[in-house]
Amino acid sequence: MTTVRIGDRLLGMDEPTYFIADIAANHDGDLERALELITLAAQAGADAAKFQHFRASHIVSDYGFRSLGGQLDHQASWSKSVFEVYEDASLPWEWTPVLAKHCAEI
Numbered sequence: 017m018t019t020v021r022i023g024d025r026l027l028g029m030d031e032p033t034y035f036i037a038d039i040a041a042n043h044d045g046d047l048e049r050a051l052e053l054i055t056l057a058a059q060a061g062a063d064a065a066k067f068q069h070f071r072a073s074h075i076v077s078d079y080g081f082r083s084l085g086g087q088l089d090h091q092a093s094w095s096k097s098v099f100e101v102y103e104d105a106s107l108p109w110e111w112t113p114v115l116a117k118h119c120a121e122i
């Protein structure tokens, strides 16, 4: 059976589970919250933390959603546009070294 190494850990069928905490956009745009989520994940036994880098302008067309003119009923009650929701959830590139350093330290 093939194994893969991540740092000092082996991943494979006969290896212990490698627990990845999918933190995603739960940081709510707050770096301190992102750091705290990493800490909590480590305390819960996570081996790694996963974040996603994306830009709203690369995955959502603000013009496209706005031009629908409210035809999306489930979004009519939203206080923000779909584009703004994705924009708020995006992870600033500048956070990456800070988050990686925190992961390495705990």
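Quick note: to get our numbering, add 16 to the position in the sequence shown (first position is 1).
All C-beta atoms in this analysis are idealised placements derived from N, C-alpha and C, irrespective of residue type, glycine included.
- Flag this pair as yes or no: are the beta carbons of Q59 and A40 separated by less than 8 Å? no
- Query: Who pairs with I22 in a beta bridge, going by DSSP?
  - Reply: R25
- Message: Measuring only the C-alpha atoms, how far is M29 from D46?
- Response: 37 Å
- Which class does K117 belong to by DSSP, given the choice of helix, strand or coil? helix
- Message: Helix, strand or coil, according to DSSP, for I39 in the structure here?
- Response: coil
- Message: Under DSSP, the alpha helix (DSSP H) around A105 begins and ends at which residues?
- Response: V98 to A105
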